[in-house]
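What follows is a single structure, written as structure tokens, with notes after it.
There are 2 protein chains.
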Amino acid sequence: MNRITATYDIESPVGVALAAEVLAGEQSTGTFTRLAAETDELRARSAARIERIEITGSRATPSLPSRKAGNSYERGLVTVSWSLENFGTSLPTLMSTLAGNLFELAELSAIRLVDMNLPSAFAMEHPGPQFGATGTRDFMGGHQGPIIGTIIKPSVGMNPSETAALVQTLVEAGIDFIKDDELQANGPHCPFDERVKEVSRVLNAHTDKTGKRVMYAFNLTDEIDQMWYNLELLEAHGGTCAMVCINSVGLTGLRALRNRSQMTIHGHRAGWGIYSRSSNIGISFPVMQKLWRLAGTDHLHVNGLANKFTETDDVIAQSATSVQKPVTEGGPAHLAMPVYSSGQTVWQIDPARTLLGNDDFIYCAGGGILSHPSGTAAGVIALRQAADAARNGISIQDYAKEQPELQEAIDTFPETRVAFKGSYPNR
Amino acid sequence: MNRITATYDIESPVGVALAAEVLAGEQSTGTFTRLAAETDELRARSAARIERIEITGSRATPSLPSRKAGNSYERGLVTVSWSLENFGTSLPTLMSTLAGNLFELAELSAIRLVDMNLPSAFAMEHPGPQFGATGTRDFMGGHQGPIIGTIIKPSVGMNPSETAALVQTLVEAGIDFIKDDELQANGPHCPFDERVKEVSRVLNAHTDKTGKRVMYAFNLTDEIDQMWYNLELLEAHGGTCAMVCINSVGLTGLRALRNRSQMTIHGHRAGWGIYSRSSNIGISFPVMQKLWRLAGTDHLHVNGLANKFTETDDVIAQSATSVQKPVTEGGPAHLAMPVYSSGQTVWQIDPARTLLGNDDFIYCAGGGILSHPSGTAAGVIALRQAADAARNGISIQDYAKEQPELQEAIDTFPETRVAFKGSYPNR
Numbered sequence: 114m115n116r117i118t119a120t121y122d123i124e125s126p127v128g129v130a131l132a133a134e135v136l137a138g139e140q141s142t143g144t145f146t147r148l149a150a151e152t153d154e155l156r157a158r159s160a161a162r163i164e165r166i167e168i169t170g171s172r173a174t175p176s177l178p179s180r181k182a183g184n185s186y187e188r189g190l191v192t193v194s195w196s197l198e199n200f201g202t203s204l205p206t207l208m209s210t211l212a213g214n215l216f217e218l219a220e221l222s223a224i225r226l227v228d229m230n231l232p233s234a235f236a237m238e239h240p241g242p243q244f245g246a247t248g249t250r251d252f253m254g255g256h257q258g259p260i261i262g263t264i265i266k267p268s269v270g271m272n273p274s275e276t277a278a279l280v281q282t283l284v285e286a287g288i289d290f291i292k293d294d295e296l297q298a299n300g301p302h303c304p305f306d307e308r309v310k311e312v313s314r315v316l317n318a319h320t321d322k323t324g325k326r327v328m329y330a331f332n333l334t335d336e337i338d339q340m341w342y343n344l345e346l347l348e349a350h351g352g353t354c355a356m357v358c359i360n361s362v363g364l365t366g367l368r369a370l371r372n373r374s375q376m377t378i379h380g381h382r383a384g385w386g387i388y389s390r391s392s393n394i395g396i397s398f399p400v401m402q403k404l405w406r407l408a409g410t411d412h413l414h415v416n417g418l419a420n421k422f423t424e425t426d427d428v429i430a431q432s433a434t435s436v437q438k439p440v441t442e443g444g445p446a447h448l449a450m451p452v453y454s455s456g457q458t459v460w461q462i463d464p465a466r467t468l469l470g471n472d473d474f475i476y477c478a479g480g481g482i483l484s485h486p487s488g489t490a491a492g493v494i495a496l497r498q499a500a501d502a503a504r505n506g507i508s509i510q511d512y513a514k515e516q517p518e519l520q521e522a523i524d525t526f527p528e529t530r531v532a533f534k535g536s537y538p539n540r
Numbered sequence: 114m115n116r117i118t119a120t121y122d123i124e125s126p127v128g129v130a131l132a133a134e135v136l137a138g139e140q141s142t143g144t145f146t147r148l149a150a151e152t153d154e155l156r157a158r159s160a161a162r163i164e165r166i167e168i169t170g171s172r173a174t175p176s177l178p179s180r181k182a183g184n185s186y187e188r189g190l191v192t193v194s195w196s197l198e199n200f201g202t203s204l205p206t207l208m209s210t211l212a213g214n215l216f217e218l219a220e221l222s223a224i225r226l227v228d229m230n231l232p233s234a235f236a237m238e239h240p241g242p243q244f245g246a247t248g249t250r251d252f253m254g255g256h257q258g259p260i261i262g263t264i265i266k267p268s269v270g271m272n273p274s275e276t277a278a279l280v281q282t283l284v285e286a287g288i289d290f291i292k293d294d295e296l297q298a299n300g301p302h303c304p305f306d307e308r309v310k311e312v313s314r315v316l317n318a319h320t321d322k323t324g325k326r327v328m329y330a331f332n333l334t335d336e337i338d339q340m341w342y343n344l345e346l347l348e349a350h351g352g353t354c355a356m357v358c359i360n361s362v363g364l365t366g367l368r369a370l371r372n373r374s375q376m377t378i379h380g381h382r383a384g385w386g387i388y389s390r391s392s393n394i395g396i397s398f399p400v401m402q403k404l405w406r407l408a409g410t411d412h413l414h415v416n417g418l419a420n421k422f423t424e425t426d427d428v429i430a431q432s433a434t435s436v437q438k439p440v441t442e443g444g445p446a447h448l449a450m451p452v453y454s455s456g457q458t459v460w461q462i463d464p465a466r467t468l469l470g471n472d473d474f475i476y477c478a479g480g481g482i483l484s485h486p487s488g489t490a491a492g493v494i495a496l497r498q499a500a501d502a503a504r505n506g507i508s509i510q511d512y513a514k515e516q517p518e519l520q521e522a523i524d525t526f527p528e529t530r531v532a533f534k535g536s537y538p539n540r
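Chain order of the listed sequences is G and S. Residues 114 to 540 in the numbering used here are what the first sequence lists, from first letter to last. Residues 114 to 540 in the numbering used here are what the second sequence lists, from first letter to last.
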């Protein structure tokens with residue numbers, strides 16, 4: 114099956130069936146009205162095909178402003194397919210086709226790309242994550258269990274020495290993973306090269322002393338040449354993880370990084386709300402994460418359960434599980450590691466683990482570690498105890514009876530309510 | 114003034130003023146609750162500042178789904194500023210900051226980035242368009258007047274020989290500019306290198322014969338290394354224009370192209386609807402076009418007046434004029450050339466020219482040329498006549514009395530209604 118399929122949730126003033134034809138025309142042979150040069154043979158070869166239409170509703174007013182008006186606005190799910198012949202296996206051209214001008218069509222008053230399936234021939238042409246969960250553990254000297262991480266805060270404003278001093282505190286507290294904030298890349302007050310030098314000194318000294326290798330995701334987001342320069346610098350200092358804001362550099366920036374990287378790539382999705390926030394426009398995470406994994410990210414942010422942002426817990430669960438599923442049926446699986454973050458404490462680690470059914474995730478907490486009443490080290494220990502409880506199928510309250518750090522965390526952090534409406538395969 | 118300002122149109126369940134504080138905190142020092150390490154000095158240096166708040170309305174229900182609920186949802190314009198110290202002059206980090214996690218905040222039920230002003234120190238660190246309108250004209254041997262262009266259709270499906278045959282027809286018809294479709298980059302059925310070879314042979318033979326150099330925008334959208342390879346191939350065949358789908362490759366992809374290009378860059382904005390379609394989420398064109406110009410595009414698509422898509426004529430006018438304004442006050446102007454396209458005929462060229470007040474634009478028509486009853490050459494001539502009429506302040510109907518091709522076009526193509534609600538400086 115050398116066809117790519119995409120499913121859109123659309124609403125239309127001209128009816129879903131007609132709108133689907135316009136969409137398929139615009140995104141393949143390019144004209145709804147047939148041109149002279151558009152022979153039957155050409156259409157058979159290149160035209161997008163409507164595979165399935167499911168009407169889901171109708172409303173009296175358009176969800177988004179539209180040049181065309183209708184008596185009503187019909188809503189439905191439309192699955193369209195394209196031959197691989199149209200774009201080959203180019204990710205950018207896949208984007209131009211599946212997520213191109215169709216978002217602007219006057220025949221649509223809502224359009225969201227909600228699902229995409231690629232043939233294995235497509236996935237085989239892309240490198241995918243170089244290390245994934247197993248490689249990440251190897252870099253850390255065979256780390257077991259979920260990776261307990263934190264984020265440098267304040268996000269911006271500290272200089273390299275201040276950052277290194279904070280890192281010293283964190284590594285002494287037994288943290289597994291630390292990441293730069295997405296706002297901190299290479300500003301004048303905290304230049305990338307100085308930060309790498311000062312922080313690496315702390316990390317390497319800690320490894321020499323304890324044998325433990327803490328992974329630090331240095332945010333090297335920048336122009337291509339500068340990112341490559343940053344990568345080399347990181348390698349020279351024993352770096353094991355390059356963090357990049359994937360929406361800020363774009364798909365080709367991520368892939369360019371992957372092509373030259375000898376370390377894990379930590380994909381931060383800052384800006385994701387543009388794609389996710391409205392139910393009437395955008396792209397779903399299960400679609401975008403496939404593209405990011407094909408381009409080579411090892412870790413991928415999925416927000417956190419009961420987070421400080423807007424996505425529901427069902428969306429988080431869907432996002433987290435999606436990156437652990439094969440990117441296509443057959444062909445390379447290209448699995449990545451989900452990264453939970455945003456308002457995470459000991460309360461969310463059980464559901465975060467349970468919905469995945471494994472420990473192959475990174476769990477980033479800020480206040481959830483630093484605000485532990487017995488200090489940062491106790492904050493890290495409490496999270497590990499909560500992860501142990503989850504792995505053993507024991508509630509954190511029961512497990513805490515013999516684990517004082519966990520008990521203190523339970524008493525300190527307000528219980529969060531994680532509420533799934535859906536059901537998950539591993540739950 | 115070494116501060117960057119951004120204006121957001123926001124709606125909030127907690128009130129605009131409080132939401133603005135959350136936004137500014139999240140996108141700078143990173144915490145609404147102050148951390149121990151967040152000293153007064155650090156805040157003075159790095160915290161984003163709220164410069165201005167204007168309340169514009171209120172509604173009973175949220176415009177977008179939000180984790181937080183309110184009794185009402187206040188709407189307003191909020192201007193926030195950041196010190197250049199926070200990100201230096203990195204475009205990707207500017208994106209992570211101005212268009213990062215803020216789109217997901219639970220304190221917002223709508224957020225759209227509607228304006229951005231950069232200090233000249235920022236613009237000076239970026240190459241900007243290498244050629245602009247003047248350089249584009251030079252490549253074409255000193256072309257006068259607006260550039261009349263067309264798009265290869267069907268979008269996909271033709272092989273290189275079929276494409277070259279169509280190009281032969283078009284250059285003989287006197288066209289100035291031809292572009293690939295955004296869906297056609299390097300597919301198996303029409304490989305980039307073969308297309309360049311066959312089409313360039315036609316273009317170069319035409320130049321040898323007539324002295325006229327038609328500009329062809331070859332769509333080289335691909336991964337970075339492949340785009341660079343494509344550029345070299347294009348140069349070897351006398352190419353003068355590289356087309357790229359800027360949303361598909363991302364900002365760093367565009368800049369990487371600019372760094373190695375010796376020809377004009379034609380920026381296609383396929384996928385733009387994700388940013389533009391909803392008034393409750395996204396980024397305005399006047400903001401995005403500054404980033405694309407800083408990264409180096411010479412030409413920039415702005416849709417067309419009375420187009421087949423959804424943007425209103427006021428939005429098109431604002432978009433087209435924005436790319437001809439200096440990117441910052443003081444510093445390099447980095448001007449680009451607007452490209453009109455989508456449903457364009459002789460009817461829209463007068464308003465398209467009038468709102469700019471000059472001829473420095475590309476006017477792409479498909480059916481508006483090919484469907485002329487006296488053939489393609491007459492279609493091109495009619496558009497030139499319409500442009501002459503506009504330059505001389507004569508209506509196309511009056512001008513057509515002595516220009517038969519224009520009269521035929523007027524009789525053939527339905528009159529489009531271009532309706533500006535706003536007023537334009539050059540009108």
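C-beta atoms are modelled at their ideal positions from N, C-alpha and C, and glycine is treated no differently.
When the five nearest sequence neighbours on each side are left out, the beta carbons in the same chain lying within less than 6 angstroms of the beta carbon of G:His379 are those of Ala330, Cys354, Met356, His412, in order along the chain. Apart from sequence neighbours up to five positions away, the residues of its chain that approach S:Gln498 with a beta-carbon distance below 7 angstroms are Tyr512, Gln516, Glu518, Leu519, ordered along the chain. Counting C-beta pairs with one atom in each stretch, the region 265-281 of chain G and the region 175-191 of chain S have fewer than three that are closer than 8 angstroms, which means they do not touch. In the three-state DSSP reduction, S:Thr118 falls in the strand class (E or B). Listed along chain S, the residues sitting closer than 8 angstroms to G:Ser159 by beta-carbon distance are Pro267, Val269, Gly270, His302.
For S:Arg371, the number of other beta carbons within 10 angstroms of its own is at least 16, and it is reported as buried. Between G:Ile509 and G:Val459, the CB-CB gap stays under 8 angstroms. In the three-state reduction of the DSSP assignment, G:Val452 falls in the strand class, which pools E and B. Rounded to the nearest angstrom, the gap between the Cα atoms of S:Leu221 and S:Asn199 is 24 angstroms. Within the region 385-407 of chain G, the residues whose Cβ lies closer than 9 angstroms to some Cβ of chain S are Trp385, Gly386, Ile387, Tyr388, Ser389, Arg390, Ser391, Ser392, Asn393, Ile394, Gly395, Ile396, listed in chain order. The region 318-332 of chain G and the region 280-293 of chain G touch, with three or more beta-carbon pairs separated by less than 8 angstroms. If you draw a straight line from the Cα of G:Phe474 to the Cα of G:Ala223, it is about 34 angstroms long.
Bounds of the alpha helix (DSSP H) holding G:Ile337 are 337-349. Near chain G, meaning a CB-to-CB distance below 8 angstroms, the residues of the region 349-364 of chain S are Cys358, Asn360, Ser361, Val362, Gly363, Leu364. Chain-order list of chain S residues neighbouring G:Pro242: empty, with the shortest C-beta distance near 17 angstroms, by a criterion of under 7 angstroms. The three-state reading of DSSP puts S:Ala330 in strand, counting E and B together.
DSSP lists no beta-bridge partner residue for S:Trp405. Taking the CA atoms as reference points, S:Thr247 sits about 28 angstroms from S:Gln297. The beta carbons of S:Asp228 and S:Pro399 sit about 7 angstroms from each other, so the pair counts as a contact at 8 angstroms. At a Cβ-Cβ threshold of 8 angstroms, S:Gly409 and S:Arg382 do not count as neighbours. Secondary structure note for G:Arg165: its beta strand (DSSP E) is the uninterrupted segment 162-172. DSSP places G:Lys292 in the uninterrupted beta strand (DSSP E) bounded by 290-292. About 4 angstroms separates the CB atoms of G:Thr202 and G:Glu238; that is less than 8 angstroms, so the two are in contact. Take G:Pro175, set aside five residues on each side of it, and the residues of its chain with a beta-carbon closer than 6 angstroms to its own are Tyr186, Ser222, in chain order.
Within the same chain, and ignoring the five residues on either side of G:Val428 in sequence, no residue has its Cβ closer than 6 angstroms to its Cβ. Any Cβ of chain G closer than 8 angstroms to the Cβ of S:Arg368 would place that residue at the interface, and such an atom is present. In the three-state scheme derived from DSSP, where H, G and I count as helix and E and B as strand, G:Met356 is classed as strand.
Beyond the five residues adjoining it in sequence on each side, S:Leu483 comes within less than 7 angstroms, by CB distance, of Thr489, Gly492 in the same chain, given in chain order.
Among the residues facing chain G, S:Met208 is included, as its CB has a counterpart in that chain under 8 angstroms away. Uninterrupted beta strand (DSSP E) stretches at least 3 residues long and entirely within the region 164-230 of chain G occur at 186-196, 223-230, given in chain order. Here S:Glu217 is buried, its C-beta having at least 16 other C-beta atoms within 10 Å. In the DSSP assignment, G:Ile509 falls outside any beta strand (DSSP E) and within the unbroken alpha helix (DSSP H) covering 509-512. With respect to chain S, the C-beta atom of G:Ala383 has a partner C-beta closer than 8 angstroms. Rounded to the nearest whole angstrom, the CA to CA distance from G:Arg406 to S:Gly395 is 25 angstroms. In this structure, the straight-line span from the alpha carbon of G:His485 to that of G:Asn416 is close to 22 angstroms. S:Pro178 and S:Thr169 have their C-alpha atoms some 20 angstroms from each other.
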